[in-house]
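K.L.:
According to the numbering used here, the residues represented by the first sequence are 5 to 492, in order.
Backbone N, C-alpha and C define an ideal beta-carbon position, used for all residues, glycine too.
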Amino acid sequence: MSAPVRTRFAPSPTGDLHVGGLRTALFQWAFVKANGGELVLRIEDTDQSRYVEGSVESICEGLRWLGIEWDEGPEVGGPHGPYVQSERLEKYHAVAAELQARGRAYRCFCTAERLAQLRKDQQKDGLAPGYDGRCRQIPPEEAEERARTEPSVLRFRMDRTGVTTLPDLIRGDVTFQNSLQDDFVILKSDGFPTYHLAMLVDDHDMEITHVVRAEEWLASGPKHLQLYEAMDWPAPHFAHLPVLVDSKGRKLSKREADVAALDYRDRGYLPEAMLNFLAFLGWSLDDHTTHITAGEFARVFTLDRVVPNPAFFDVERLDALNGHYIRALAPEAWREHVAGWLDRDLPANIPRPLDADLVTAVAPLLQERVTRLDEVAGLVRFLFALPDYPAELLTERIGGDTGLAARTLEAAIAAVEGVAPEAWAPEPVEAALRSLQDALDLKLRKFVSVLYVAIMGAPRGIPLFDSVALLGRDEALDRLRAARAKLA
RNA sequence: GGCGCGUUCGUCUAGAGGCCUAGGACACCGCCCUUUCAAGGCGGAGAUCGCGGGUUCGAAUCCCGCACGCGCUACCA
Numbered sequence: 005m006s007a008p009v010r011t012r013f014a015p016s017p018t019g020d021l022h023v024g025g026l027r028t029a030l031f032q033w034a035f036v037k038a039n040g041g042e043l044v045l046r047i048e049d050t051d052q053s054r055y056v057e058g059s060v061e062s063i064c065e066g067l068r069w070l071g072i073e074w075d076e077g078p079e080v081g082g083p084h085g086p087y088v089q090s091e092r093l094e095k096y097h098a099v100a101a102e103l104q105a106r107g108r109a110y111r112c113f114c115t116a117e118r119l120a121q122l123r124k125d126q127q128k129d130g131l132a133p134g135y136d137g138r139c140r141q142i143p144p145e146e147a148e149e150r151a152r153t154e155p156s157v158l159r160f161r162m163d164r165t166g167v168t169t170l171p172d173l174i175r176g177d178v179t180f181q182n183s184l185q186d187d188f189v190i191l192k193s194d195g196f197p198t199y200h201l202a203m204l205v206d207d208h209d210m211e212i213t214h215v216v217r218a219e220e221w222l223a224s225g226p227k228h229l230q231l232y233e234a235m236d237w238p239a240p241h242f243a244h245l246p247v248l249v250d251s252k253g254r255k256l257s258k259r260e261a262d263v264a265a266l267d268y269r270d271r272g273y274l275p276e277a278m279l280n281f282l283a284f285l286g287w288s289l290d291d292h293t294t295h296i297t298a299g300e301f302a303r304v305f306t307l308d309r310v311v312p313n314p315a316f317f318d319v320e321r322l323d324a325l326n327g328h329y330i331r332a333l334a335p336e337a338w339r340e341h342v343a344g345w346l347d348r349d350l351p352a353n354i355p356r357p358l359d360a361d362l363v364t365a366v367a368p369l370l371q372e373r374v375t376r377l378d379e380v381a382g383l384v385r386f387l388f389a390l391p392d393y394p395a396e397l398l399t400e401r402i403g404g405d406t407g408l409a410a411r412t413l414e415a416a417i418a419a420v421e422g423v424a425p426e427a428w429a430p431e432p433v434e435a436a437l438r439s440l441q442d443a444l445d446l447k448l449r450k451f452v453s454v455l456y457v458a459i460m461g462a463p464r465g466i467p468l469f470d471s472v473a474l475l476g477r478d479e480a481l482d483r484l485r486a487a488r489a490k491l492a
């Protein structure tokens, strides 16, 4: 029985879950599902200074938003815990000590100032910046003695001969010259491990078989490979995902784009749309598939169909997908979304709970003209209160023809008055308004914008006939008369 | 600066020597439908496959060089 595929998502609790991180987690999840493996969630909080309260909860929430569940980790536990690195310090110290015993790690007392100066000099001389190994010479006994009173870090002794080749599942073999490597820090002066050490220890302990991470980690591959070698541990497989970039081709950043995953949820994107969007950023199934569900993705995903080049996070495509999934929603599910967003976004002075029948009636009118859920309230608001609008808006789409606007409104008032209160329903209302074509001897489309403005305060919106019917006879008449009065 | 990765329509991508006069999707344009706006249907435009050399009967696909972009180059991950 071969070991099951195990991979891990290892975010730092430094703030909101980034969409790039979400994409990485999604691919890891799909990879694991497609292979009957397990996903581990691990919190990498070895940099205490960057810790942000609430990050872990936010990360978990972000993952669950897309339906990504982890088999082990925070909130769910597991046999390899704890899953938070700050709670695993002894393990790192033990491995650090072992590395020292093996002669692969040594104490370094160099100050930040010396290191900075060293880097400066190296850059001036056109050399590759990196630690020069000065403290390698200090005899271990002397180093331990000094460590009692002096601040120090532990560095890994890199093999500087030959090359290190990293077999990447997406890019093939990537080879690095070892002479260009330097002795990096594995244990900081505050006693915390750096990412490199913590990752080595945890991935080994947690039996990770596949390290799937973003491309920005590729360059530190040699460090990790040598670390495994130094401990005589088998290295896992590696796959470096292409990064997500902004419109300038740079790694997605807070400055250029909205990167907080949950913000997308809060702006009205459906999880199925986000998942579909992310799935095709750097991966494809074939030459024609553009829509995919979570289940399908988790069934057919393979790393060899991940491309190595960066992908632009194009919100226009996300919008298109979101509209698609909104339209695909069953009527009842859609109604629930509408109800929720209306309750959230409608002005506070509109009494709650909202009229359930009204919500049920408008929902279908909204479904095919909304791309984001946060547009819903704006389109429906007029049913609760008429927004103020300038008189010119009435004639905006009819070339400023005030006379036509007046005739339209007068005819509309008469027509609507012609619908008896007890006969009030969408069909009679539609018939009444359509009759204006004869009254005015014009196609409906030529003057209908006047009615849109009078009824909803905008020349466009959800269907007019239904809107008038939903508004009720008195309110509709009031609005038509008010519009007529504006023209005078 | 050094090292690494990358380079097919505006965008995401298909493509693993002849199936490519390079396919799909989003965006864009036009027409149809139509009570506005959408949605939907139909059609269109859009890439000499970064550039230059090879290899081959034949290259987007293989090899070499160059250019450009990005990433890394911390006691951050």
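What does the alpha-carbon distance come out to for the pair Tyr329 and Leu279?
P.N.:
11 Å
K.L.:
Roughly how many whole angstroms lie between the Cα atoms of Ala297 and Leu45?
P.N.:
Before going further, note that residue 297 is Thr rather than Ala in the sequence given. Going by the C-alpha atoms only, they are around 23 Å apart.
K.L.:
Rank Met460, Glu148, Arg152 by C-alpha distance to the C-alpha of Glu479 and give the top, closest one.
P.N.:
Met460
K.L.:
At which residues does the alpha helix (DSSP H) containing Ala429 begin and terminate?
P.N.:
No alpha helix (DSSP H) holds Ala429; DSSP gives it neither H nor E.
K.L.:
Taking contact to mean 3 or more Cβ pairs, one atom from each stretch, closer than 8 Å, check whether the region 455–475 and the region 382–390 are in contact.
P.N.:
yes
K.L.:
Taking the DSSP output, what are the residues bridged to Lys255?
P.N.:
Val249
K.L.:
Strictly by DSSP, which residues pair up with Ile47?
P.N.:
Val88
K.L.:
Return the first residue and the last residue of the alpha helix (DSSP H) that Gly407 is part of.
P.N.:
406–421
K.L.:
Going by DSSP in three states, Met5 sits in which element: helix, strand or coil?
P.N.:
The pLDDT assigned to Met5 is 46, lower than 50, so where the model puts this residue is not dependable; a value taken from the coordinates is nonetheless given after this. Residue state, collapsed to three classes: coil.
K.L.:
Would you kindly report the start and end of the unbroken alpha helix (DSSP H) that includes Pro335?
P.N.:
335–349
K.L.:
Give the secondary structure of Asp172 by DSSP, where H, G and I count as helix, E and B as strand, and everything else as coil.
P.N.:
Correct three-state label for Asp172: strand.
K.L.:
Rounding to the nearest angstrom, what Cα-Cα distance links Trp33 and Ala302 in this structure?
P.N.:
Their Cα atoms are separated by approximately 7 Å.
K.L.:
Can you list, in chain order, the residues of its chain whose CB lies under 7 Å from that of Ala261, leaving out five sequence neighbours each side?
P.N.:
Asp250, Phe317
K.L.:
Given that a residue counts as buried once 16 or more other Cβ atoms are within 10 Å of its Cβ, and exposed if not, what is Arg27?
P.N.:
Buried: at least 16 other Cβ atoms inside 10 Å.
K.L.:
Whose C-alpha, out of Ser193, Pro430, Asp405, is nearest the C-alpha of Phe113?
P.N.:
Ser193
K.L.:
According to DSSP, which residues form a beta bridge with Cys112?
P.N.:
Val157
K.L.:
Here's the rule I'm using: 16 or more other beta-carbon atoms within 10 Å means buried, otherwise exposed. How should Pro15 be labelled?
P.N.:
buried
K.L.:
Quick one: grab the DSSP three-state call for Trp237.
P.N.:
coil
K.L.:
Quick one: residues in its chain with C-beta nearer than 8 Å to the C-beta of Leu229, no 5 flanking neighbours on either side, listed in chain order?
P.N.:
Thr168, Leu170, Ala239
K.L.:
My understanding is that Arg373 touches Glu211, with C-beta atoms under 8 Å, so please give their C-beta distance in whole angstroms.
P.N.:
Going by Cβ atoms, the distance from Arg373 to Glu211 rounds to 51 Å, so no, they are not a contact pair.
K.L.:
Output needed for Gly66: all residues of its chain with C-beta closer than 7 Å, excluding positions within five of it in sequence on either side, in chain order.
P.N.:
So the qualifying residues of the chain are Leu21, Leu26, Ala265, Leu266.
K.L.:
Are the Cβ atoms of Val60 and Pro86 separated by less than 7 Å?
P.N.:
The answer is no: Cβ separation not under 7 Å.
K.L.:
Apart from the five residues on each side of it in sequence, which residues of its chain come closer than 6 Å, Cβ to Cβ, to Ala429?
P.N.:
none
K.L.:
Would you identify the three-state DSSP class for Pro394, choosing helix, strand or coil?
P.N.:
coil
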